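For the record, the sequence lines run as chains A and B.
Going by the working numbering, the first sequence opens with residue 26, and the numbers climb by one from there.
Going by the working numbering, the second sequence opens with residue 5, and the numbers climb by one from there.
We put the beta carbon where it would ideally sit given N, CA and C, even for glycine.
None of these values were measured; they are calculated from a predicted model.
Working notes for the structure below.
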Amino acid sequence: GESVGLHLPTLSVQEGDNSIINCAYSNSASDYFIWYKQESGKGPQFIIDIRSNMDKRQGQRVTVLLNKTVKHLSLQIAATQPGDSAVYFCAENGSGGGADGLTFGKGTHLIIQP
Amino acid sequence: IAGITQAPTSQILAAGRRMTLRCTQDMRHNAMYWYRQDLGLGLRLIHYSNTAGTTGKGEVPDGYSVSRANTDDFPLTLASAVPSQTSVYFCASSRQGGTGELFFGEGSRLTVL
């Protein structure tokens, strides 16, 4: 079936370095993608989103890249800080026509080393 | 600004008991959702509602029911809890179904013994 997944379950980076978290999706009907951050014991929080008519979108210290040709999504975090330590989820809206919520990947745990 | 409020935050429940997880939003969002989160499986959609008076099944609806009597409330009921329903449950809302950001509550941790 259609699924959204992440290449690596855990990513360890040095504080101050850039982080890149990857996501593969398989539903070509998806036209909206979103990244969430989840800190321990809390609900997911919105980071950034992108629509399929774009291939790049920038926020504060974060950039999302979308490659529709290979169905790949990535989240880049610049100058990673200790507060960036969390699980990151990508999500897409293509499954079931979109009206029934987002389909989430399984998450990548970002660990920041001092 | 409260956003999404879930209750209880944590509950231990005997198998076979009935349980309702409450969810209230104060953002006047049309769409609401219930997800469960399990290690290694991520967030999976249980049920959703695109507007008051309507509901739909998600990826894992069995053993759960929902109602949407008004815009603000979206309770999730386990009619007869089983241990496999041990999970963290997240309620979410969005302005419209199918697009846009989902706003999540802080979760309800349920343990079924």
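Straight-line Cα distance separating residue j from residue i
i                           : j                          : result
phenylalanine 71 (chain A)  : leucine 117 (chain B)      : 33 Å
tyrosine 81 (chain A)       : glutamine 10 (chain B)     : Looking at the sequence shown, residue 81 (chain A) is not tyrosine but lysine. Answer to the nearest angstrom: the Cα atoms are 35 Å apart.
serine 37 (chain A)         : arginine 40 (chain B)      : 27 Å
alanine 19 (chain B)        : arginine 76 (chain A)      : 43 Å
phenylalanine 114 (chain A) : serine 14 (chain B)        : 23 Å
threonine 81 (chain B)      : phenylalanine 58 (chain A) : 30 Å
8 Å Cβ cutoff, residue i in contact with chain B
i                          : result
glycine 84 (chain A)       : no
lysine 96 (chain A)        : no
lysine 93 (chain A)        : no
isoleucine 102 (chain A)   : no
aspartate 109 (chain A)    : no
phenylalanine 71 (chain A) : yes
isoleucine 59 (chain A)    : yes
lysine 62 (chain A)        : no
leucine 135 (chain A)      : no
histidine 32 (chain A)     : Bear in mind that the predicted position of histidine 32 (chain A) carries a pLDDT of just 47, short of 50, making it unreliable; the figure below should be weighed with that in mind. No, because no Cβ of chain B sits closer than 8 Å to the Cβ of histidine 32 (chain A).
lysine 81 (chain A)        : no
aspartate 74 (chain A)     : yes
tyrosine 41 (chain A)      : As written in the sequence, residue 41 (chain A) is glycine, which differs from the tyrosine given in the question. Closer than 8 Å: no.
Residues sharing a beta bridge with residue i, DSSP
i                      : result
valine 112 (chain A)   : A:Gln63 and A:His134
alanine 11 (chain B)   : B:Arg26
glutamine 83 (chain A) : A:Thr88
arginine 48 (chain B)  : B:Arg40
serine 35 (chain A)    : Correcting the residue identity first, residue 35 (chain A) is threonine in this sequence and not serine. Its beta-bridge partners are A:His134.
arginine 113 (chain B) : B:Ser14 and B:Val92
aspartate 77 (chain B) : B:Thr28
C-beta neighbour in chain A for residue i, strict 8 Å
i                          : result
glycine 57 (chain B)       : no
tyrosine 93 (chain B)      : no
leucine 49 (chain B)       : yes
valine 70 (chain B)        : no
phenylalanine 78 (chain B) : no
alanine 18 (chain B)       : no
glycine 109 (chain B)      : yes
glycine 67 (chain B)       : no
leucine 114 (chain B)      : no
histidine 33 (chain B)     : no
Beta strand (DSSP E) segment containing residue i, residue limits
i                          : result
histidine 33 (chain B)     : Careful: histidine 33 (chain B) lies outside any beta strand (DSSP E) and carries neither H nor E.
phenylalanine 94 (chain B) : 91-98
phenylalanine 71 (chain A) : 70-76
asparagine 92 (chain A)    : 87-92
alanine 49 (chain A)       : 44-50
threonine 81 (chain B)     : 80-82
Exposure of residue i, with buried meaning 16 or more beta-carbon neighbours within 10 Å
i                       : result
leucine 114 (chain B)   : buried
glycine 121 (chain A)   : With a pLDDT of only 45 at glycine 121 (chain A), under the threshold of 50, the placement of this residue in the model should not be trusted; the figure read from the coordinates follows. Under this definition glycine 121 (chain A) is a buried residue.
methionine 79 (chain A) : exposed
aspartate 74 (chain A)  : buried
Contact list for residue i against chain D, beta-carbon separation under 7 Å
i                    : result
glycine 46 (chain B) : No chain D is present in this structure, whose protein chains are A and B.
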